[in-house]
Amino acid sequence: MDSTPTPFLAGRTALVTGAASGIGRACALAFAAAGAHVHAVDLNAEAVKAVAAEAGGTAHVVDLSSADAIEGLPAEVDIVVNNAGLQHVAPIEAFPPERFALIHRVMLEAPFRIVRRTLPAMYAQGWGRIVNISSVHGLRASAYKAAYVSAKHGLEGLSKVIALEGAPHGVTSNCVNPGYVRTPLVEGQIADQARAHGVSEDEVVSRVLLERSAIKRLLEPEEVASAALWLCGPGSDGVTGISLPLDGGWTAH
Numbered sequence: 002m003d004s005t006p007t008p009f010l011a012g013r014t015a016l017v018t019g020a021a022s023g024i025g026r027a028c029a030l031a032f033a034a035a036g037a038h039v040h041a042v043d044l045n046a047e048a049v050k051a052v053a054a055e056a057g058g059t060a061h062v063v064d065l066s067s068a069d070a071i072e073g074l075p076a077e078v079d080i081v082v083n084n085a086g087l088q089h090v091a092p093i094e095a096f097p098p099e100r101f102a103l104i105h106r107v108m109l110e111a112p113f114r115i116v117r118r119t120l121p122a123m124y125a126q127g128w129g130r131i132v133n134i135s136s137v138h139g140l141r142a143s144a145y146k147a148a149y150v151s152a153k154h155g156l157e158g159l160s161k162v163i164a165l166e167g168a169p170h171g172v173t174s175n176c177v178n179p180g181y182v183r184t185p186l187v188e189g190q191i192a193d194q195a196r197a198h199g200v201s202e203d204e205v206v207s208r209v210l211l212e213r214s215a216i217k218r219l220l221e222p223e224e225v226a227s228a229a230l231w232l233c234g235p236g237s238d239g240v241t242g243i244s245l246p247l248d249g250g251w252t253a254h
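The numbers in the working numbering rise by one with no breaks, and the one at position 221 of the sequence shown is 222.
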């Protein structure tokens, strides 16, 4: 007789955006390991297909800035992980309005559209989980990141509204708020800062990125994925409407 425990997400489906790399990839693999069939969503066709194959899931090559493209994603899923994002660093007076709008479409409007489509099936079955990969920048601001910070703050508010509306239907909605994570997006920022200030990348990490963090290291994507997975697992049924900082003590100041 096989005594191996059944993975706690066996029979569930999870849709993960920005799944081609970084936090999204880690989430896709973690949810698959927990038994879920993962719908991996990303604009990078080659990379997202590789992640989906590794997870035993389904790849969806989608531009999340396109409302029409979002309509082609599965609507009947049990879990949504809104993770896709991008960054642009510039002072407000020099910030390109089209870049600001793009970041908001991908990081705030797309999560709204995805949740709007998936909630009815969750409500019908009396169970669902929305996990929004926010940021410490959903709770705090940094200069020169007007679009990213405002989009993450908007995502925080959206998540709380979903929590209030979803509670009677067995649906929870929460944010995970990491500090700086070792992802391609952050590595690109490190390289840009090093060039701009004429210092080493190690100095950028220690003196700029981690200045406000008590724990002086970058987070790994798998740590964020573990938090997201916990919010969908046993013992978290009563957790909704929260923002879970994984920020090394940044917000303790």
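Note that beta-carbon positions come from the ideal geometry of N, C-alpha and C, so glycine has one too.
Please read these numbers as outputs of a predicted model, since none were measured by experiment.
Collapsed DSSP secondary structure at residue i in the structure displayed
i, result
"residue 303", "Residue numbering for the chain in the displayed model covers 2 to 254; residue 303 lies beyond these limits and cannot be assessed."
"residue 184", "coil"
"residue 20", "coil"
"residue 159", "helix"
"residue 220", "strand"
"residue 204", "helix"
"residue 166", "helix"
"residue 137", "helix"
"residue 198", "helix"
"residue 97", "coil"
"residue 238", "coil"
"residue 212", "coil"
"residue 145", "coil"
"residue 72", "coil"
"residue 86", "coil"
"residue 154", "helix"
"residue 7", "coil"
"residue 92", "coil"
"residue 232", "coil"
Per DSSP, the bridge partner or partners of residue i
i, result
"residue 130", "80, 173"
"residue 246", "178"
Inter-residue CB distance, residue i and residue j (contact presumed, cutoff 8 Å)
i, j, result
"residue 79", "residue 123", "7 Å"
"residue 15", "residue 42", "Contact doesn't hold; Cβ gap of about 11 Å is too wide."
"residue 248", "residue 178", "6 Å"
"residue 114", "residue 66", "In fact, because the Cβ distance is near 11 Å, the residues do not count as touching under 8 Å."
"residue 104", "residue 89", "7 Å"
"residue 226", "residue 54", "With 8 Å as the limit, residue 226 and residue 54 do not qualify as a contact, their Cβ atoms being about 18 Å apart."
For the structure I just gave you, are there three or more beta carbon pairs, one from the region 93-102 and one from the region 189-197, closer than 8 Å? no
Spell out a yes or no on whether the region 217-234 and the region 18-36 are touching, meaning 3 or more CB-CB pairs, one atom from each, closer than 8 Å. yes
So within the region 10-68, which uninterrupted beta strand (DSSP E) runs reach at least 3 residues, ignoring any that extend past its ends? 14-18, 38-43, 59-62
Count Cβ pairs between the region 41-48 and the region 6-23 that sit closer than 8 Å; are there 3 or more? yes
Counting pairs of beta carbons, one from the region 83-94 and one from the region 127-140, are three or more of them closer than 8 Å? yes
Can we say the region 233-243 touches the region 158-176, given the rule of at least three CB pairs closer than 8 Å? yes
Is the number of C-beta pairs between the region 68-78 and the region 107-125 that are closer than 8 Å three or more? yes
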